[in-house]
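Participant: Residue numbers (the working numbering): 1053 to 1120.
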């Protein structure tokens, strides 16, 4: 149920806010991958979670573009 609330929150945001969230998520993913490569990452499942969040953000962006 946590993901449904996250997607609902994304749908209420504007295109500019979504773009900002996308950039932030991609930066986080880069940092997680870097930590993983240097064996500093404890929770490797976070990488998968962030990748899915990026996909969710991109999906909402695409949906908003098609509405216009």
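Backbone N, C-alpha and C define an ideal beta-carbon position, used for all residues, glycine too.
Below 8 angstroms, can you find three or more Cβ-Cβ pairs linking the segment 1075 to 1091 to the segment 1099 to 1116?
Facilitator: yes
Participant: Measuring alpha carbon to alpha carbon, tell me which of 1072, 1107, 1119 ends up nearest residue 1059.
Facilitator: As a first step, residue 1059 must be located in the chain shown, where it is residue number 7. Closest by alpha carbon: 1107.
Participant: If the criterion is Cβ atoms closer than 8 angstroms, does the pair residue 1070 and residue 1081 meet it?
Facilitator: If you number the chain shown from 1, residue 1070 lands on position 18. If you number the chain shown from 1, residue 1081 lands on position 29. No. Outside cutoff.
Participant: Give me the Cα-Cα distance between residue 1095 and residue 1112, rounded to the nearest whole angstrom.
Facilitator: As a position in the chain shown, residue 1095 is number 43, starting the count at 1. As a position in the chain shown, residue 1112 is number 60, starting the count at 1. Those two C-alpha atoms are separated by around 27 angstroms.
Participant: Give me the Cα-Cα distance between residue 1054 and residue 1105, rounded to the nearest whole angstrom.
Facilitator: Position 2 of the chain shown holds residue 1054. Position 53 of the chain shown holds residue 1105. Residue 1054 and residue 1105: Cα-Cα distance of roughly 12 angstroms.
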